[in-house]
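Single-structure report; data block below.
2 protein chains.
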Amino acid sequence: MSSRRPLSFDPIAEAVENWRNAGWDAAAPGMALVTSVMRTHQILLAGVDATLAPLGLTFARFEVLMLLDFSRSGRLPMGKIGQRLQVHPASVTNAIDRLERDGLVARRPHPTDGRTTLAAITKDGRRLARRAARALNSGVFDDVGIDGAQVDQVVAALAQLRHNAGDFE
Amino acid sequence: MSSRRPLSFDPIAEAVENWRNAGWDAAAPGMALVTSVMRTHQILLAGVDATLAPLGLTFARFEVLMLLDFSRSGRLPMGKIGQRLQVHPASVTNAIDRLERDGLVARRPHPTDGRTTLAAITKDGRRLARRAARALNSGVFDDVGIDGAQVDQVVAALAQLRHNAGDFE
DNA sequence: ACCATTTAGTTTGACGTTCAACTAAGATCG
DNA sequence: CGATCTTAGTTGAACGTCAAACTAAATGGT
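Set out below in structure tokens:
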């Protein structure tokens with residue numbers, strides 16, 4: 000964002016007001032939830048990416064790097080990465096392209112299946128992953144702007160939403 | 000997304016596990032919150048955009064259209080739109096470009112300030128805004144996947160997060 | 001064995017978002 | 001009045017995301 004002096008009111012509360020005035024009372028809470036999540040996503044992503052930028056990473060690439068770092072062998076098929084991070088195959092291709100360009104990951108052929116490509120984290124990749132995780136922990140995750148009880152409530156509620164959306168189990 | 004059979008476990012719960020095993024207990028809840036919001040954003044946006052696609056709209060453009068529809072005069076300066084929706088000026092330019100291309104909005108010169116451009120919603124724009132709002136209400140907002148009490152909790156917690164991030168007041 | 005189907009990745013194109021650089025016009029002040 | 005901010009929008013480049021089309025390789029049924 001750029002020219003951001005804060006608003007004098009909560010724009011989402013205003014939208015709820017508008018929704019109720021239009022007679023859409025039943026939909027107002029859902030609208031508020033969707034809008035809140037959209038805006039919170041924007042805020043958190045901005046913070047995360049700002050922390051990661053000095054390291055030459057983005058959150059999307061960081062997630063791939065950590066996934067590979069945590070995997071025992073340090074290498075996973077592209078498709079597996081997409082499933083775990085729940086993103087489109089094209090997004091995985093994009094992320095791996097950039098990570099490979101920076102020498103943090105290398106593409107390897109699968110030993111038995113000629114269709115699949117393995118993404119393998121490099122030494123540099125592991126080093127940067129650890130540094131990035133520490134930066135993110137202290138810069139963002141350690142204090143996310145609301146107290147622990149609320150954090151847990153939100154995480155639990157969103158887990159249920161994700162579950163109902165067919166994300167897992 | 001494309002090849003989506005559900006995972007057999009919650010990938011975010013797994014990530015929390017990994018974080019704790021790495022000794023990053025203090026950061027684990029924050030990491031879970033950020034990741035949950037990212038993924039929920041993805042799910043909700045996909046649902047919203049799928050509902051809006053038959054109408055030729057996206058959520059970004061829908062928000063602009065509703066903002067103009069709710070404004071009494073039906074027209075607002077570009078900058079005002081960006082402030083209210085909390086997006087970058089370039090995003091407003093982009094959205095208005097597409098809305099104007101489709102005849103839903105028209106750019107007007109400001110009567111006294113030669114720098115500012117007003118975006119004015121058209122008759123077609125108002126018609127489509129109403130149709131889109133109804134579609135979204137019944138298709139997404141009326142049932143967002145978690146019960147009303149949880150919705151309110153999440154909205155309240157995220158309002159506090161947004162407030163602490165300097166979004167408003 | 002062979003042809004049809006499925007699966008894995010990549011490529012291309014459309015959208016949205018941001019930042020940086022740039023143009024134009026209003027506001028300030030000596 | 002003129003030189004210098006400051007503000008409003010636009011443009012172009014970089015990223016990320018997805019869908020659709022396409023290639024290549026494995027599977028399966030007859």
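Sequence lines, in order, name chains A and B. For the first sequence, numbering that gives the first Met the number 0 begins at 0 and goes up steadily by one. For the second sequence, numbering that gives the first Met the number 0 begins at 0 and goes up steadily by one. The beta carbon of each residue, even a glycine, is placed where N, CA and C say it ideally should be.
Close CB contacts of Glu168/B within its chain, under the 8 Å cut and outside five residues either way in sequence, are with His162 (chain order).
A distance below 9 Å separates the beta carbons of Val104/B and Thr121/B.
Annotation for Thr50/A: Ala134, Leu135, Gly138, Val139 place their beta carbon closer than 8 Å to its own, counting only its chain and skipping 5 residues before and after. Setting aside the 5 residues that flank it on each side, Val15/A is surrounded in the same chain by Ala27, Ala31, each with a C-beta closer than 6 Å to its C-beta; the list follows chain order.
Contact of Val91/A with chain B by beta-carbon distance below 9 Å is absent, the smallest such distance being about 11 Å.
Between Asp142/A and Gly29/B, the CB-CB gap stays under 9 Å. Taking all protein chains shown into account, Ala148/B has fewer than 16 neighbouring C-beta atoms within 10 Å of its C-beta and is therefore exposed.
With a threshold of 9 Å between beta carbons, Thr39/A makes contact with chain B. Within the stretch 83-133 of chain B, the runs of beta strand (DSSP E) that reach at least 3 residues and sit entirely inside it are, in chain order, 104-108, 116-120. Residue range 27-51 is occupied by the alpha helix (DSSP H) that includes Pro28/B. Taking each of Val63/B, Asp9/B, Leu44/B in turn and checking the Cα distance to Ala94/B, the smallest one comes out for Val63/B. Assigned with DSSP and collapsed to three states, Pro76/B falls in strand. Membership of Asp166/A in any alpha helix (DSSP H) is not indicated, and neither H nor E is assigned to it by DSSP. For Arg126/B, the closest alpha carbon among the candidates Gly102/B, Leu117/B, Val36/B, Glu13/B is that of Gly102/B.
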